[in-house]
Every structure is written in structure tokens, then in C-alpha cells.
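Line by line, the protein sequences are chains A and B.
In terms of this note's numbering, the first sequence is residues 626 to 883.
In terms of this note's numbering, the second sequence is residues 626 to 883.
Note that CB positions come from ideal geometry on N, CA and C, so glycine has one too.
Predicted, not measured: the structure shown is a model, and the values here were computed from it.
There are 2 protein chains.
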Amino acid sequence: MNHKQQIDLPEFLRGIEPYAALEDAAFGRLVAAARLVHVERGETLFEQGDACRGVHVVAAGRIKLSFCSPHGAEKVVGIVSAGQGIGEASMSIGRSHQLHAEALSDTTLVFLPQHVLIECVESDRKFACRMMKRIAEKFHRLLVDVESSSLLSGAERIVDFLIREIDLGPARGQAAVIELSLSKSIIASQLNLTQEHFSRLLRQLSEHGMIVVDGRQISVPDVGRLRRYRDSGAGHCVNRGTRSAGRGRADWGRLAAA
Amino acid sequence: MNHKQQIDLPEFLRGIEPYAALEDAAFGRLVAAARLVHVERGETLFEQGDACRGVHVVAAGRIKLSFCSPHGAEKVVGIVSAGQGIGEASMSIGRSHQLHAEALSDTTLVFLPQHVLIECVESDRKFACRMMKRIAEKFHRLLVDVESSSLLSGAERIVDFLIREIDLGPARGQAAVIELSLSKSIIASQLNLTQEHFSRLLRQLSEHGMIVVDGRQISVPDVGRLRRYRDSGAGHCVNRGTRSAGRGRADWGRLAAA
DNA sequence: GCACCGGTTTGATCTCGATCAAAACCATCC
DNA sequence: GGATGGTTTTGATCGAGATCAAACCGGTGC
Numbered sequence: 626m627n628h629k630q631q632i633d634l635p636e637f638l639r640g641i642e643p644y645a646a647l648e649d650a651a652f653g654r655l656v657a658a659a660r661l662v663h664v665e666r667g668e669t670l671f672e673q674g675d676a677c678r679g680v681h682v683v684a685a686g687r688i689k690l691s692f693c694s695p696h697g698a699e700k701v702v703g704i705v706s707a708g709q710g711i712g713e714a715s716m717s718i719g720r721s722h723q724l725h726a727e728a729l730s731d732t733t734l735v736f737l738p739q740h741v742l743i744e745c746v747e748s749d750r751k752f753a754c755r756m757m758k759r760i761a762e763k764f765h766r767l768l769v770d771v772e773s774s775s776l777l778s779g780a781e782r783i784v785d786f787l788i789r790e791i792d793l794g795p796a797r798g799q800a801a802v803i804e805l806s807l808s809k810s811i812i813a814s815q816l817n818l819t820q821e822h823f824s825r826l827l828r829q830l831s832e833h834g835m836i837v838v839d840g841r842q843i844s845v846p847d848v849g850r851l852r853r854y855r856d857s858g859a860g861h862c863v864n865r866g867t868r869s870a871g872r873g874r875a876d877w878g879r880l881a882a883a
Numbered sequence: 626m627n628h629k630q631q632i633d634l635p636e637f638l639r640g641i642e643p644y645a646a647l648e649d650a651a652f653g654r655l656v657a658a659a660r661l662v663h664v665e666r667g668e669t670l671f672e673q674g675d676a677c678r679g680v681h682v683v684a685a686g687r688i689k690l691s692f693c694s695p696h697g698a699e700k701v702v703g704i705v706s707a708g709q710g711i712g713e714a715s716m717s718i719g720r721s722h723q724l725h726a727e728a729l730s731d732t733t734l735v736f737l738p739q740h741v742l743i744e745c746v747e748s749d750r751k752f753a754c755r756m757m758k759r760i761a762e763k764f765h766r767l768l769v770d771v772e773s774s775s776l777l778s779g780a781e782r783i784v785d786f787l788i789r790e791i792d793l794g795p796a797r798g799q800a801a802v803i804e805l806s807l808s809k810s811i812i813a814s815q816l817n818l819t820q821e822h823f824s825r826l827l828r829q830l831s832e833h834g835m836i837v838v839d840g841r842q843i844s845v846p847d848v849g850r851l852r853r854y855r856d857s858g859a860g861h862c863v864n865r866g867t868r869s870a871g872r873g874r875a876d877w878g879r880l881a882a883a
């Protein structure tokens, strides 16, 4: 089935964020330099430390970005799916990749070489501006992750994740259903949990009636209750000196309360 | 002593990274719109959630950036000192601040309003390009932090921190001395540790002869040994499935080995 | 049907690192 | 000198979450 499907490059790129704004001349040069890349499921696109030769835009499929520790452990930082770019930051400061990129499914990407992108950024102020925003958004998202994983407990991180997931879908009152698009082990790693611990926490949440787990489908009977659980804890930042690190303890009592 | 010392704004800004590149006309407008801000030690510059009205560049003093959990805990994300900017990312995507900013000492900042900066970015492609790089660098640094705190153990994070600190100074062989410029509790929080645990780990490292601690001065008799300790563990990322999260265990045996 | 395989769950156990509490330092400032 | 206030250390204890190991599914292929 994988006869490297062809794409209409110009049309595709015109639909993707920073490139949509590119003026015609530069856009032409970019398209001319672009190359299609295909990665089979499980194959790696690049490793930590590889030189970053440009940006990859996912056309179809999904890429997992992760750190790999010397001990053989892995921490998933994010999943990149169709329409999103990889490596803008590394490219723009000319450093090598910090992350390991691996295909979760057979994936087609559009590769945009660094030198052409640099040229575009330097010649087209509108484009530079958009690219800047893209990077800033990534920074922002990463900070959100740092926040949750450095000061929420495991259960809280899961609840937070669920709520974010719900907020992506159409707004409806009370109940909600979430269909996980990724394996639980990957989600666990993104939330800085082992798959085992993640599984246990899910069970506990369901035992307390917060959620109902059925395979990769998670139903939330009362979204408001979930929100209340997340937000309970205390008012915002009551400056009391550097009472460092500490994340919230499990506190299953709050579950009943919410 | 704090009679809000005056600064030569144009001269100051011309020495700071993205602004150095700004073309004269825009630069003039920026300087005209700039305001001096003074924050006393311990006072907060802005809170999480406050609207971001522009960028602050530190002229003198230091600002602590941190998250504050609902539980009253705090996680220090970074320290900003003279010559560095705060809030470029939030400003460029028009979101509110994600961090709490507090002065560690009496601090003077140059405030650059958002609308003028936006104007600069949109009119000056060179400037936009530089600003993009600044944000990308911040993103890069944050990723490094995420990496170390998600897959290194406490001791390893400290060693990693010490090495980075040493590498900042002049390159000299064998021994090195580090003068901590911050309180240990703040460093601990940056490394995702409590001050207590941080203190204990320092003692253990010194018991094993890796370092000698004397107040805020840390001597490293053998930098190579420190490096060997950090890098020991195994080859790089031997793809063995999603063996998630797990950071390296303490493993004081490695200390002797190194 | 059964073997096989990836993902997921459960169980038993261990430990790193947090928490609470008190003492030890160490400056300044009266 | 002693009182004061911040920073750092030490001690005792607890717990969230990791680790190791085995069992349990739900497919898919033969």
C-alpha cells in the first residue's frame, strides 16, 4: 500500500502556518528546494545530536519526539501530527537536534532545507514574524508541560490532561467522552509517569467515580467535578518564601469532596 | 542609596541583543516608548496570568522566574540578570504571563511596550530574525532543563549543573572552583529538589571526594572524574521500546568507579 | 482452534526524595 | 554583647511513584 503517495507541494505548504504567509518569489524557491521524506513505522527520522539540516513538516502520519537517557529510559516530549513542523527552533539557531524523532506510523514529511529557510526569514519580514510566533508557541506549550510536571501530583497531571483533552473537543455540558489517539504508555511518558503507575492511577480515578475507562475510551460523567478537583488546593501563590519543588500529594479525600 | 539611577537608554539598548540590530528609525521610536521600572528586593514584577504588556530588559539586579502551585509550593524556572530580556515569547503571541517574576535584589528594568515591539518586528526583517533567534534560544535552554530533570537522578542533576557551571568559566585543566551566585534553596528548586535533599546530596558527593563544599564555594578537585560520572551509564539511546520516564538511580558505586 | 505479539493490568517490593521539625550558622543591627 | 532574621544542615519518618515480574487481554495469522 505504501507507494509513497505524491503530494501537491505548493498547495500543501500554502495551507501550513508560517509558510502560508511567504511571498511568491521566496515561496517558489522554498518549494523548489523542498524534498519528500518517508519514514516507516518504528524507524527514526533523526537522533539526538544529529545536525539539524532544516525543518520537517508532517504531511501524513505521526512522529514521536523524545529524550533518551544513557540508562536506556525514554521520556516522550511530544507527538507531532499532520500539518505541524519539527525543528524550527534548532534550525533557526543552527544547533543540532536535541530530540530523538521516531515515526509512530508510516509517515510522510516535507523537508525544507535550512539555507533556504534562513534566506526566507531574512528576506521576508512577514514570514520571519510568523516563524517567530510559531517558535514562541512551542515555547509556551513546553512551559505549560514543565509547570504541570513540576508541581502537580500524578493524579493531578492526569486530570489536567483529561481536561485539556476535553477542552479540545466541542464544548458540551456535564459529560464528555475522550478517545485516546495514542497508546497509554506514550501518554504516561508524556505525563512523566510509568505505564504501570499511570494504569493504577486511572483505576483509582475510576474507582472514585471520576471517570470510566474502557480500553482507549475514557468517559467523564461530570466534567465540572473534574475541574473542581484540579482547581482545589488553595488560592493562587500565597507568597510564603521559597518553599521549593514539592508537588501536591495524592489526597484522595479531595476526590470525594469534589 | 536607591535614587533610581538614570541610564543612557539608547546606549544601553544598543548593547543588548535583538535591539542592537534595529534600524535607526524604529530604534528611535522604541527608545521613545521605553520606560524605566524599578522593583525592590522581594517585590513582584508580575504574576502568573497578568497581561503581558511588553518586554522587560534587566538593566541591573536580578529577577527570579517561577511557577507557584495552588498548594503554595514554588518551582524556580530561571534567573534573569543584567542584559537579558523577559517575556519575549508571551509578548509575541499576545498571551498573558505564565510565570511569576520577583526581584531577588533591587532591580532596574527597561520596559518596552508590546505595540512598539510588534511594529518593530513587522517593519524590520533583520530585527524580527534576531528576535526569533532569542526565543529559539530560550526554547532550547528550557528543553535542556526538561531533559535533565526528567531523566537524571538528583545527584546526576547536581553533577550536570556543576559541569555546566564550570564550562561557563575559563577552561582550565583538572581542578575548578565554583562560586554560587544564588542561595542554595533557589538552585535546589531549579534542579527540582528540596533544599534539604539538595544539601544532603551535596554532602554525599563531598563524602565521595567529588567536591569540597565551603559555604557557597564548591571546589572540584578533578573535573574529569565529574564528567566521567555524568557520562557513565551506557551508550546513547539503545532503542528498546518505550521504557518510559524512569530516571537513573543514585548508584553511589559509580562514584568510586569514576 | 492455537500460537504469537503488542499493549495493558495487577501484584509485591523497594527507594528516592518529600515532609516535618529542630538545631546550627551567620550576618546585621541595636 | 545579645537579639533578630535569613540560610543551611541534620535528623527522623513517610509516601508517591519506580522497578521487577507475571498474568491478562484483544488482535492477527496459520
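How many angstroms separate the CA atom of residue i from the CA atom of residue j?
i, j, result
"residue 853 of chain A", "residue 795 of chain A", "20 Å"
"residue 815 of chain A", "residue 667 of chain A", "18 Å"
"residue 862 of chain B", "residue 780 of chain B", "With a pLDDT of only 44 at residue 862 of chain B, under the threshold of 50, the placement of this residue in the model should not be trusted; the figure read from the coordinates follows. Using only the alpha carbons, I get a separation of about 21 Å."
"residue 859 of chain A", "residue 873 of chain A", "Summary for residue 859 of chain A: the model assigns pLDDT 46, below 50, so the residue's position carries little reliability; its value from the coordinates is reported in the next sentence. Their backbone Cα atoms lie some 11 Å apart in a straight line."
"residue 705 of chain A", "residue 632 of chain B", "46 Å"
"residue 684 of chain B", "residue 845 of chain A", "50 Å"
"residue 641 of chain A", "residue 732 of chain B", "42 Å"
"residue 797 of chain B", "residue 735 of chain B", "37 Å"
"residue 650 of chain B", "residue 686 of chain B", "30 Å"
"residue 679 of chain A", "residue 720 of chain A", "10 Å"
"residue 818 of chain A", "residue 832 of chain A", "20 Å"
"residue 674 of chain B", "residue 643 of chain A", "27 Å"
"residue 875 of chain B", "residue 698 of chain B", "25 Å"
Tell me the residue span of the alpha helix (DSSP H) that contains residue i.
i, result
"residue 824 of chain A", "820-832"
"residue 738 of chain B", "Premise fails: residue 738 of chain B lies in the beta strand (DSSP E), 732-738, not in any alpha helix (DSSP H)."
"residue 699 of chain A", "No alpha helix (DSSP H) contains residue 699 of chain A, which is instead part of the beta strand (DSSP E) from 699-706."
"residue 776 of chain A", "750-776"
"residue 665 of chain A", "No alpha helix (DSSP H) holds residue 665 of chain A; DSSP gives it neither H nor E."
"residue 844 of chain B", "Segment 842-845 is the beta strand (DSSP E) holding residue 844 of chain B; no alpha helix (DSSP H) there."
"residue 813 of chain B", "809-815"
"residue 792 of chain B", "779-793"
"residue 856 of chain B", "848-856"
"residue 632 of chain B", "No alpha helix (DSSP H) holds residue 632 of chain B; DSSP gives it neither H nor E."
Starting from residue i, trace the beta strand (DSSP E) in both directions and tell me its first and last residue.
i, result
"residue 650 of chain B", "Counting along the chain, residue 650 of chain B falls outside any beta strand (DSSP E), though it belongs to the alpha helix (DSSP H) covering 649-658."
"residue 693 of chain A", "687-693"
"residue 641 of chain A", "Element bounds for residue 641 of chain A: n/a, residue is neither H nor E."
"residue 727 of chain B", "725-728"
"residue 803 of chain A", "801-804"
"residue 839 of chain B", "837-839"
Assuming contact is defined by CB atoms lying nearer than 8 Å, are residue i and residue j in contact in what I supplied?
i, j, result
"residue 885 of chain A", "residue 646 of chain A", "Because residue 885 of chain A is not part of the residues shown, which for chain A are 626 to 883, the question remains open."
"residue 729 of chain A", "residue 689 of chain A", "yes"
"residue 776 of chain B", "residue 835 of chain B", "no"
"residue 761 of chain B", "residue 760 of chain A", "yes"
"residue 740 of chain A", "residue 669 of chain A", "no"
"residue 655 of chain B", "residue 745 of chain B", "yes"
"residue 758 of chain B", "residue 714 of chain B", "no"
"residue 787 of chain B", "residue 743 of chain B", "no"
Among the options, which one has its Cα closest to the Cα of residue i?
i, options, result
"residue 877 of chain B", "B:711, B:699, B:828", "B:828"
"residue 692 of chain A", "A:810, A:679, A:723, A:817", "A:723"
"residue 737 of chain A", "A:709, A:758, A:695", "A:709"
"residue 696 of chain A", "B:833, B:773, B:841, B:818", "B:773"
"residue 639 of chain A", "A:752, A:675, A:739", "A:752"
"residue 823 of chain A", "A:813, A:851, A:663, A:746", "A:813"
"residue 765 of chain A", "B:748, B:842, B:718, B:671", "B:718"
"residue 808 of chain B", "B:821, B:637, B:791", "B:821"
"residue 857 of chain B", "B:791, B:801, B:785, B:805", "B:785"
"residue 848 of chain B", "B:636, B:803, B:657", "B:803"
Would you verify that the beta carbon of residue i is, or is not, closer than 8 Å to some beta carbon of chain B?
i, result
"residue 885 of chain A", "This structure does not reach residue 885 of chain A, given that chain A is present from 626 up to 883, and the question cannot be answered."
"residue 830 of chain A", "no"
"residue 714 of chain A", "yes"
"residue 768 of chain A", "yes"
"residue 862 of chain A", "The predicted position of residue 862 of chain A is uncertain, since its pLDDT is 44 and thus under 50; a value taken from the coordinates is nonetheless stated next. It does; some Cβ of chain B falls within 8 Å."
"residue 804 of chain A", "no"
"residue 776 of chain A", "yes"
"residue 700 of chain A", "yes"
"residue 833 of chain A", "no"
"residue 762 of chain A", "yes"
Is the shortest distance between the beta-carbon of residue i and the beta-carbons of chain A less than 8 Å?
i, result
"residue 744 of chain B", "no"
"residue 681 of chain B", "no"
"residue 685 of chain B", "no"
"residue 758 of chain B", "yes"
"residue 722 of chain B", "no"
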